[in-house]
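First the structure, in the form of structure tokens, and then the observations on it.
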Amino acid sequence: MTSSSTENQFEETLQLQNIFELLTIKGLLSQLYVAAIFDSSKNLFIYIQQALQSIVSTIPGSDYKDNLINFINQERPIEFNQQTNYVVELNRIINWTETGIQNEIKIFEEPNEQSNY
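Rendered as structure tokens:
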């Protein structure tokens, strides 16, 4: 195996890891919505929050990471207005995460498309 093919495999592995982490974060954020709104899910909120904190700690520094950490570390919203604001912010972060997933997938697919020509 040449050094460039080893390097390509390493880059592909990192891209796949990024995609997997973002998909995991998106899934947990989606569950956070339920945990934030329903009183019966108070403990679930804490567990999801801890899981997100653990995953996000492995992401390299970026605006996304900083915003995500600030959001994750918020207290569980209690009042209706707090919940509404929380859900609006949660949806913004989920959309930001989805954009990151799509960008990572594009980067991952581009070299494969070029090799077919």
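Residue numbers for the sequence shown follow this note's numbering, beginning at -18 and rising by one.
Where a beta carbon is used, it is the ideal one built from N, C-alpha and C, also for glycine.
What you are looking at is a predicted structure, and each value in this text was computed from that prediction instead of being measured.
Enclosing alpha helix (DSSP H) for residue i [first to last residue]
i: Phe(-9); result: Ser(-16) to Ile18
Where residue i falls: helix, strand or coil (DSSP)
i: Ser35; result: helix
i: Leu40; result: First, the amino acid is wrong: residue 40 is Ile here, not Leu. In the structure shown, Ile40 sits in coil (DSSP, three-state: anything other than H, G, I, E or B).
Nearest-angstrom Cα separation, counted from residue j out to residue i
i: Glu(-7); j: Ile18; result: 38 angstroms
i: Ile53; j: Tyr14; result: 12 angstroms
i: Glu85; j: Phe1; result: 10 angstroms
i: Gln(-2); j: Gln64; result: 32 angstroms
Residues of its chain near residue i, where Cβ-Cβ distance is below 6 angstroms and the 5 sequence neighbours each way are ignored
i: Gly81; result: Leu3
Own chain residues within Cβ distance below 8 angstroms of residue i, not counting five before or after
i: Gln55; result: Tyr67
i: Trp77; result: Tyr45 and Asn48
Please give the ranges of any alpha helix (DSSP H) in the segment 42 to 93, keeping only runs that are unbroken, at least 4 residues long and fully inside the region. 44 to 53
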